[in-house]
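By the count of my numbering, the sequence shown reaches residue 505 at its end, each step adding exactly one.
We put the CB at the ideal spot given by N, CA and C, even for glycine.
Quantities reported herein were computed from a predicted structural model and do not represent experimental measurements.
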Amino acid sequence: MSATPSSVPRPSWDADARSCRTGRAPISCAPPLPGRSPAVTDAATEATCPDGGEVEKRSVVSDPQAPGGERLLLVSTNYAPEQAGIGPYATQLAEHWATARDAEVHVLAGLPHYPAWRVDPEYRGRWRLVDARDGVLVHRRRHYVPGRQSALRRAAYEGTILGHGLLAPPRMARPDAVVAQVPSLAGGLLAARIAARHRVPFVPVVQDLMGAAAAQSGIAGGGRVAALAAGIERRMLARATLVGVIHESFAEGVGALGVPAARIRLVPNWSHVTPPTRPRAAVRARLGWPQERTVLLHSGNMGVKQGLDVLVETARRAPELHVVLMGDGSCRARLAAAAEGLPNVELLPPAPEAEFTDVLAAADVLLVTQRASVLDMSVPSKLTSYFVAGRPVLASVAGDGGTAAELRRSGGGRLVPPEDPDALADAARALAADPAGAAALGAAGAAYAAGHLSRAAGLARVSALLDEALTAHAPARVRAVRPALPGAPA
């Protein structure tokens with residue numbers, strides 16, 4: 016039975032335990048931010064009771080005259096502890112602003128669920144809460160998470176993110192700017208609304224184009240909602256001060272949505288992982304991969320747009336190749352059923368963060384696959400990690416899309432036609448027969464990552480985008496609020 020508000024002890028911050036105490040159990044709640052004076056109260060922050068009690072409120076304090084003095088809001092449905100997709104980029108960006116800019120950073124996020132498309136067990140049953148993570152306040156809102164993908168389920172996912180965000184926006188003082196990682200599309204709309212309400216810069220960073228995604232992904236009913244999604248994107252991007260895109264192939268699509276080229280900035284993703292450190296032979300032995308076996312590894316989301324059926328069929332036609340699918344996603348169970356009876360197909364859970372690049376480096380070839388219809392809607396974030404691992408990449412993707420362009424630029428792999436298991440098997444055999452050539456491709460990818468995809472450079476690019484938006488917005492705001500001088504013409 017739920018407790019009444021009067022029966023729930025008021026939470027208090029326990030700095031040593033890094034949690035709030037209600038007298039019953041620790042709950043997720045926010046501490047006062049480091050360096051902020053408790054003299055000025057900004058807002059009330061939610062704290063949730065795990066035993067079903069009512070939500071309590073308490074104050075988060077900050078001093079606008081404290082060093083830095085900047086307050087930023089990042090809207091990203093995906094955030095730590097998620098280790099795949101957009102989440103790591105959002106996390107590292109927010110933590111960077113909290114340290115390098117000495118800013119008060121808030122994040123409006125969903126419940127951790129990607130790539131499994133299941134809510135993390137630690138967050139199940141939560142409605143809304145605030146996590147304090149590495150100097151950042153993460154305001155989490157519950158939303159629907161579809162176990163299987165369809166246009167209707169995706170619409171429900173976006174709709175519940177939007178609805179809960181509108182019902183309960185983050186409780187914080189006025190931000191100086193609002194940045195959004197898009198998708199989710201709902202997150203972009205929430206960010207635009209919050210920025211408009213406070214009359215501050217709105218800066219979306221486009222990681223995927225959802226209208227194109229709906230048309231190209233192959234999700235049931237996707238074609239019917241593509242125009243609707245594109246229309247929403249158009250209205251959302253029209254409110255942006257500046258728009259960041261992670262690859263130049265997105266610039267044309269963003270421009271087609273009405274954003275002038277003068278407001279589009281290129282902010283490529285960076286490599287968010289560290290280079291491998293463990294001996295490759297030892298990792299292979301632990302994983303049970305014989306040294307003489309050619310191991311092809313795909314890591315990441317097992318969704319519809321990845322078109323991973325081609326890998327199962329490749330394994331069926333080339334029994335000498337060992338195909339490993341590592342990760343999670345809405346298609347995992349179906350892929351496992353399709354691979355039943357194939358001894359050369361192995362499904363692994365996502366590797367722990369500390370071991371991730373060691374596992375990648377233990378494979379002989381790293382795989383990227385996309386459906387033939389996928390052109391410019393996304394550039395897989397896994398590519399940056401693959402390059403750091405120093406292994407050759409084999410990409411079964413459309414030759415004129417952003418993924419193919421990035422692989423050509425890096426020199427770190429080979430391209431084969433999408434959804435063609437024979438071509439993929441032949442290319443894998445060729446790499447296995449030419450160890451020196453494969454090693455050269457891997458070295459080229461690692462060099463490209465070191466020279467162009469460093470974390471410091473990537474974070475600096477997004478911060479420069481934010482600074483430009485703040486500068487561009489300041490004169491307009493001054494004009495809007497500055498009173499007329501005495502004697503000035505009306």
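In this chain, glycine 273 is not harboured by any beta strand (DSSP E), its DSSP state being neither H nor E. In this chain, the alpha helix (DSSP H) harbouring serine 400 covers 397 to 404. In the structure shown, the three-state DSSP call for histidine 121 is strand. Fewer than three beta-carbon pairs drawn from the region 364 to 371 and the region 177 to 188 are found closer than 8 angstroms, and the two stretches are therefore not classed as touching.
Per the DSSP secondary-structure output, phenylalanine 217 pairs in a beta bridge with Val193.
A residue is called buried once 16 or more other Cβ atoms fall within 10 Å of its Cβ, and serine 469, having fewer, is exposed. At a Cβ-Cβ threshold of 8 angstroms, alanine 387 and alanine 419 do not count as neighbours.
Beta-carbon to beta-carbon, leucine 480 and valine 218 are separated by about 6 angstroms, close enough to satisfy the 8 angstroms threshold. Taken through DSSP and simplified to helix, strand or coil, isoleucine 209 comes out as helix. Boundaries of the alpha helix (DSSP H) around isoleucine 176: 166 to 182.
Threonine 114 counts as exposed, since fewer than 16 other beta carbons sit within 10 angstroms of its beta carbon.
Here tyrosine 463 really is in contact with glycine 426; their C-beta atoms are around 7 angstroms apart, less than 8 angstroms.
Each of Gly84, Val338, Val90 and Ile101 was checked against the Cα of tryptophan 285, and the nearest Cα belongs to Ile101.
Taking 3 residues as the minimum length, the beta strand (DSSP E) runs contained wholly in the region 397 to 463 are 408 to 411 and 428 to 431, in order along the chain. Taking a C-beta distance under 8 angstroms as the contact criterion, proline 283 and isoleucine 261 qualify as a contact pair. Residue pairing of arginine 157 in beta bridges, as defined by DSSP: absent, with no partner found. Beyond the five residues adjoining it in sequence on each side, arginine 168 comes within less than 7 angstroms, by CB distance, of Pro161 in the same chain, given in chain order.
Sixteen is the threshold: when 16 or more other Cβ atoms of the shown chains lie within 10 Å of the Cβ of arginine 347, as they do, the residue is buried. A residue is called buried once 16 or more other Cβ atoms fall within 10 Å of its Cβ, and aspartate 441, having fewer, is exposed. Rounded to whole angstroms, the gap between the alpha carbons of phenylalanine 265 and glutamate 355 is 38 angstroms. Threonine 384 is bridged by DSSP to Ser411.
Of the candidates Arg444, Leu446 and Leu88, Leu88 places its Cα closest to the Cα of leucine 205. Per the coordinates, the alpha-carbon of glycine 180 lies some 7 angstroms from the alpha-carbon of arginine 156. Bounds of any beta strand (DSSP E) do not take in histidine 128, whose DSSP letter is neither H nor E.
For a cut-off of 8 angstroms, the C-beta gap from arginine 148 to alanine 95 is around 6 angstroms, short enough to register as a contact. In the displayed model, valine 145 falls within a strand according to three-state DSSP. Rounded to the nearest angstrom, the Cβ distance from aspartate 435 to serine 396 is 24 angstroms, too far for a contact under 8 angstroms. Distance between alanine 241 and methionine 225, taken at the CA atoms: about 8 angstroms.
Per DSSP, reduced to three states, the secondary structure at histidine 467 is helical. Residues Val288, Thr289, Pro290, Pro291, Ser400, Val403 and Ala404 of the same chain have their beta carbon placed closer than 7 angstroms to that of threonine 372, with the five preceding and five following residues left out of the count. Taking all protein chains shown into account, threonine 329 has 16 or more neighbouring C-beta atoms within 10 Å of its C-beta and is therefore buried. 8 angstroms or more divides the Cβ of leucine 257 from the Cβ of arginine 293.
Collapsing the DSSP output to three states places glycine 344 in coil.
In the three-state reduction of the DSSP assignment, arginine 163 falls in the coil class, being assigned neither a helical nor a strand state.
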